[in-house]
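Undergrad:
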Amino acid sequence: METVLKQKKQMIYLPLIVLMFTQIGTSGDNAVLSVATNALISALHASMNDIQLANMVYSLCAGAFMVAGGMLGIIIGWKKNFRIGVILAIIGELMLAISTNVVMFTWGGRLLVGLGASFMIPSVLGLIPGIYSGKERVFAFGAIGAATGIAAAAGPIVAGFLLDAFGFRVAFGALAVYFFLILIGSTAIPEVERSTKKLKMDVRGTIVAAIGLFLFLIGISKISVWGLITPLQAPFTLFGISPSLPLALLGVIILALLVVMEKSIEQKNGCALLPSSFLKSAQVRAGLFASAIVFLYLGGTVMLVNPYLQVVGGFNAVQTGVAMICVGAPMFAASMGVPKYAAQVHPKTILRIGYILLAVSVIPMAFSLQEHGVSIGMYIGLIIAGIGQGMLSAQASNVVALAVNERDAQQSGGIQATARNVGQAIGVAVLGMVMIFTINANLGSSMEKDALLSASLVQQEEAKNVSFMSDEAFISSLSDLTMKPQEQQELVRLNAQARMHSTQYALYVLGILSLVCIFSTGGITVTKKEQA
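For what it's worth, UniProt numbering labels the leading residue of the sequence shown as 1, then goes sequentially.
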């Protein structure tokens with residue numbers, strides 16, 4: 001009898017293992033792309049703009065259709081929804097592997113993988129409330145958070161090894177095989193009971209949500225490139241200003257109209273793309289904030305720390321990946337450990353501690369920055385951040401699931417996945433703005449006070465828009481200016497200081513954003529399903 005019970009317990013965690021590997025796999029494609037820049041430029045004759053577009057197509061496609069993926073799952077069944085996503089990912093990865101040009105790579109492979117993610121990720125978060133309950137559900141959500149930590153730690157290293165040893169085609173081909181194995185493993189996932197009531201897909205809401213999210217995400221993510229108000233490298237202007245803010249605001253207006261639309265659709269059909277329970281519950285909002293901040297921090301780390309390590313510190317892809325283990329390993333440990341060893345602690349307390357740790361983590365990171373590298377404080381800060389992210393990951397999804405009924409808990413996967421994308425996009429936009437504005441302001445202020453620089457040189461350099469770049473790239477940008485060797489040397493020194501200070505300011509903003517989220521935890525009142 002004891003053996004049978006043990007076997008049953010082992011069998012119930014088989015689906016969770018498949019879902020964890022899926023969560024890791026959805027990050028794998030981006031990990032490969034992040035280190036494949038040089039290979040793609042060489043093989044497909046891609047430009048940096050092409051690479052950025054390929055990266056954006058995935059994020060925009062996945063972000064725009066995540067909510068729809070969450071609703072489709074409760075209509076056709078989560079297992080079928082999951083498998084559709086995996087099949088799309090397999091086809092997409094194969095297309096990436098055999099791409100002969102950048103158009104096929106971006107609008108074929110990346111688009112399909114993004115669509116696949118919009119089915120898979122909501123399914124992962126939707127299957128857990130359908131399969132597990134009570135302590136097992138809390139543990140399962142923690143395990144998915146741990147999988148995110150594994151992806152953050154191991155993804156860049158594995159991707160870097162595959163790229164260096166075999167090239168980008170083998171790397172993307174390996175991902176196709178990986179997702180094929182997940183498809184086979186999906187046989188271990190049980191069928192989740194569907195609603196007996198016939199549900200209708202909210203097509204109109206899906207279209208409106210996709211348009212609104214697309215406009216918001218593309219607008220907010222391009223602020224650092226196109227400019228907030230004054231156009232920088234914008235492809236077009238609207239009434240003489242950068243299109244970033246108008247596009248983002250238009251997206252927000254469309255999403256606000258969606259909220260009004262969804263109320264009437266839910267009353268009419270009994271279900272909607274955006275159930276009213278998501279909007280009314282302060283606890284749901286608290287869970288969504290936690291989901292968003294985890295991915296905001298992951299995106300912020302990639303945007304602030306990785307470039308500093310590589311551009312300033314001279315780290316290669318594998319060395320940077322090893323540094324990221326300092327985030328991934330503690331994130332994994334906290335995500336798995338909190339549900340097991342802190343099961344009696346109120347979710348509100350766990351989230352608050354997580355937010356505080358994230359805020360504290362930026363202090364050693366900021367102080368570790370040097371003009372030409374980093375000190376050991378960077379690794380200490382990354383470890384603290386990893387623990388904080390793990391604590392948030394362990395509770396975020398469960399907090400949402402506890403606040404609503406079972407059907408809405410399953411459907412919440414789509415809105416949670418969207419919150420992740422939106423959080424990451426907002427984080428990248430805000431941090432990008434801080435970086436651009438502070439690096440130029442710092443450099444300009446330092447040049448004006450520097451007696452070694454001539455007034456004419458300062459005037460010419462201030463007319464330029466300086467971005468985060470290596471010393472070599474900065475020297476190259478000065479080639480059209482006439483100056484003495486000592487003036488060039490002084491400008492390089494001032495730029496290194498401005499580069500360091502702007503990264504510090506951005507890290508502090510990251511910490512402040514985390515502290516602000518503490519105020520969202522006050523609405524967490526339901527800690528057991530019977531209280532809902």
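We put the beta carbon where it would ideally sit given N, CA and C, even for glycine.
Verify whether the separation of the beta carbon atoms of G414 and M66 is less than 8 Å.
TA: yes
Undergrad: Any heavy atom of the ligand FAD closer than 7 Å to the CB of A159?
TA: Looking for the ligand FAD in the displayed structure turns up nothing, as the structure carries no ligands at all.
Undergrad: Is the beta carbon of P275 sitting closer than 8 Å to the one on Q411?
TA: yes
Undergrad: Please state if the CB of I353 and the CB of A153 are separated by a distance shorter than 8 Å.
TA: no
Undergrad: Can you find the residues in the same chain that come closer than 8 Å, C-beta to C-beta, to R285, ignoring five residues on each side of it along the sequence?
TA: S520, G523
Undergrad: Report back the beta-carbon spacing between F295 and G423 to the nearest angstrom; my notes put them in contact at under 8 Å.
TA: 5 Å
Undergrad: Helix, strand or coil for I12? Go by DSSP, reduced to three states.
TA: helix
Undergrad: Bridge partners of L238, per DSSP?
TA: I241
Undergrad: On the DSSP letters alone, give me the boundaries of the alpha helix (DSSP H) that A473 sits inside.
TA: 471–477
Undergrad: Looking at A417 and S514, is the spacing between their C-beta atoms short of 8 Å?
TA: no
Undergrad: Going by other Cβ atoms of all chains shown within 10 Å of its Cβ, with 16 needed for buried, is S479 buried or exposed?
TA: exposed
Undergrad: Which partner residues does G370 have in the DSSP bridge list?
TA: Per the sequence shown, the amino acid found at residue 370 is Gln instead of Gly. In the DSSP output, where bridge partners are listed per residue, Q370 has G373.
Undergrad: Decide if V516 is buried, meaning its Cβ has at least 16 other Cβ atoms within 10 Å, or exposed.
TA: exposed
Undergrad: Determine, using beta-carbon pairs with one atom in the segment 497–508 and one in the segment 320–336, whether at least three such pairs fall under 8 Å.
TA: no
Undergrad: Is it buried or exposed for N101, if we count other Cβ within 10 angstroms and need 16 for buried?
TA: Exposed, because fewer than 16 other Cβ atoms sit within 10 Å of the Cβ of N101.
Undergrad: For a quick check, are the C-beta atoms of T187 and Q23 less than 8 Å apart?
TA: No, the pair does not count as a contact, with Cβ atoms beyond the cut-off.
Undergrad: Can you name the start and end residues of the alpha helix (DSSP H) that K517 belongs to?
TA: According to the sequence shown, residue 517 is Cys rather than Lys. Where C517 is concerned, the enclosing alpha helix (DSSP H) stretches over 485–517.
Undergrad: Do G96 and G114 have their CB atoms nearer than 8 Å?
TA: At residue 96 the sequence reads Leu, which differs from the Gly that was named. Against a cut-off of 8 Å, the Cβ pair of G114 and L96 comes out as no contact.
Undergrad: For F119, does the count of other Cβ atoms within 10 angstroms reach 16, so buried, or fall short, so exposed?
TA: buried
Undergrad: Round the Cβ separation of P190 and G321 to the nearest angstrom and send it over; I've been treating them as touching at under 8 Å.
TA: Under the criterion of beta carbons closer than 8 Å, P190 and G321 do not qualify as touching, at roughly 36 Å.
Undergrad: Going along the chain, which residues of its own chain have a beta-carbon closer than 7 Å to the beta-carbon of A258, five neighbours each way excluded?
TA: The displayed chain sequence assigns Leu, not Ala, to residue 258. Same-chain partners within the cutoff: G205, V208, A209, G212, L274.
Undergrad: Among residues of its own chain, excluding the 5 on either side of M261, which ones have a beta-carbon nearer than 8 Å to its beta-carbon?
TA: R204, G205, V208
Undergrad: P231 by DSSP, collapsed to three states: which one?
TA: coil
Undergrad: Can you tell me whether DSSP reads A532 as helix, strand or coil?
TA: Residue placement at A532 is flagged as unreliable, the pLDDT there being 44, under the threshold of 50; the coordinate-derived value follows with that caveat. Here A532 sits in coil by DSSP.
Undergrad: Just to confirm my understanding: we take L507, look at its own chain, exclude 5 residues before and 5 after, and list those with CB closer than 7 Å. What are they?
TA: L304, V362, M365, A366
Undergrad: Verify whether the separation of the beta carbon atoms of A36 and A171 is less than 8 Å.
TA: Contact flag set, yes.
Undergrad: T74 by DSSP, collapsed to three states: which one?
TA: This sequence places Ile at residue 74; Thr is not what is there. Helix, per DSSP.
Undergrad: Nearest by alpha-carbon distance to I76: which of R493, S375, M201 is it?
TA: M201
Undergrad: Is A425 helix, strand or coil by DSSP?
TA: helix
Undergrad: Select from D29, V103, T26, A39 the residue whose C-alpha is nearest the C-alpha of D50.
TA: When C-alpha distances from D50 are compared across D29, V103, T26, A39, the shortest belongs to V103.
Undergrad: Please report how far the alpha carbon of T26 lies from the alpha carbon of A117, in whole angstroms.
TA: 7 Å
Undergrad: Please classify P307: does DSSP put it in a helix, a strand, or coil?
TA: Residue state, collapsed to three classes: helix.
Undergrad: Rounding to the nearest angstrom, what Cα-Cα distance links G337 and L392 in this structure?
TA: 12 Å
Undergrad: In the structure shown, what three-state DSSP assignment does E93 receive?
TA: helix
Undergrad: Can you confirm whether the segment 342–349 touches the segment 368–385 when touching is taken to mean that 3 or more C-beta pairs between the two stretches lie within less than 8 Å?
TA: With the cut-off at 8 Å, the segment 368–385 and the segment 342–349 do not touch.
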